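Numbering (my numbering), first residue to last: 20 to 199. Beta carbons are placed, not taken as given, at the ideal position from N, Cα and C, and that holds for glycine. Remember, predicted model here, so these are calculated numbers, not experimental data. Quick notes on the structure that follows.
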């Protein structure tokens, strides 16, 4: 295990991509939800308002919002899995967090006006629990990212990761500790 503590939508992807154990995925998820609720309550207490509540824009349907949350989370999961894949032959450095941060920013730039950019069920749950706001489509903020994490983890493991297993350039670079 790499010891990575990632956001909730990434955990199933990291679990199915064989990066973290099921135990770590479950413990980190529970702790993140509890911490998110505490954090959202503190923000509400200090600011007097609920920030970060997710809700779909009136101009899009529930199925469109589900698809957008799915795609945004899938984009993030695949970026993280590609960034932490030791089989690619690159050493950890500043580019991995930058790639992950850019993927989060791109997802938020596009999704915030349309869905509120949930892409993390723990964050969506925490802010909406504290605000006591659950619309008829709240389920999509949990199911969409979870399905995307599952699909992303399986897809990465069997499509992209297997490519690195079979490509001699990457295998040679991984053995030498150099960039491919």
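- Your pair residue 168 and residue 92 checks out as a contact, with CB atoms roughly 6 Å apart and the cut at 8 Å.
- Between residue 88 and residue 55, the C-beta gap is not smaller than 8 Å, which leaves the two residues out of contact.
- Secondary structure of residue 172 (DSSP, three-state): helix.
- Excluding sequence positions up to five before and after residue 161, its CB lies within less than 6 Å of the CB of 140, all in the same chain and listed in chain order.
- When the five nearest sequence neighbours on each side are left out, the beta carbons in the same chain lying within less than 6 Å of the beta carbon of residue 76 are those of 133, in order along the chain.
- For residue 64, the enclosing alpha helix (DSSP H) stretches over residues 41-66.
- Under a 10 Å Cβ-count criterion, residue 116 is classified as exposed, with fewer than 16 other Cβ atoms of the shown protein chains found around its own Cβ.
- Residue 165 is classed as buried because its beta carbon has at least 16 other beta carbons within 10 Å across all chains shown.
- In chain order, 149 place their CB closer than 6 Å to the CB of residue 60, counting only its own chain and leaving out the 5 sequence neighbours on each side.
- Out of 82, 101, 127, 128, the CA that lies nearest to the CA of residue 118 is found in 101.
- By the CB criterion at 8 Å, residue 145 and residue 58 fall inside the cutoff.
- With 16 or more neighbouring CB atoms inside 10 Å of its own CB, residue 95 falls in the buried class.
- Residues of the same chain with a CB within less than 7 Å of the CB of residue 142, apart from the 5 flanking positions on each side, are 55, 71 in chain order.
- Residue 113 carries a coil assignment under DSSP once its states are collapsed to helix, strand and coil.
- Contiguous alpha helix (DSSP H) elements confined to the segment 73-158 occur at 81-103, 114-134, 140-150, taking only those with 4 or more residues.
- Across the set 155, 104, 123, the C-alpha of 123 shows the shortest separation from the C-alpha of residue 90.
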